[in-house]
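A short write-up of the structure that comes next.
Residue numbers (this note's numbering): 76 to 179.
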């Protein structure tokens, strides 16, 4: 993905300028961007806010990332349960065979 010449703060400033009444054409001229670029930014800004320009992730990427984080948490929990189960079995076997050795 090509990096932007404009920072997230600059994009947010442009969006605030429009809200305060500055024309889109004037903002585009000052920033050296095409109108289409401005409207692409506006759409992205409306859906994701300023954060959408910080990491370059689309809403689909954010959704997938959230799903993966949740899946990772579930898998970590399952792993911890299996490790605990293995540890308990190991301790039970140690006790069982320790008693068998003592009784001989």
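Ideal Cβ placement from N, Cα and C applies to all residues, glycine included.
Enclosing alpha helix (DSSP H) for residue i [first to last residue]
i           : result
residue 125 : Residue 125 -> no alpha helix (DSSP H), and no H or E assigned at all.
residue 108 : Careful: residue 108 lies outside any alpha helix (DSSP H) and carries neither H nor E.
residue 80  : It is not in any alpha helix (DSSP H) - residue 80 carries neither H nor E in the DSSP assignment.
Of the listed residues the options, nearest to residue i (C-alpha basis)
i           : options            : result
residue 135 : 91, 146, 156, 122  : 122
residue 125 : 172, 158, 142, 91  : 91
residue 80  : 95, 107, 137       : 107
residue 133 : 143, 144, 120, 145 : 120
Distance between beta carbons of residue j and residue i, contact taken as under 8 Å
i          : j           : result
residue 93 : residue 128 : Wrong, their Cβ atoms sit about 15 Å apart, outside the cutoff.
Test item: CB-CB of residue i and residue j under 8 Å
i           : j          : result
residue 116 : residue 83 : no
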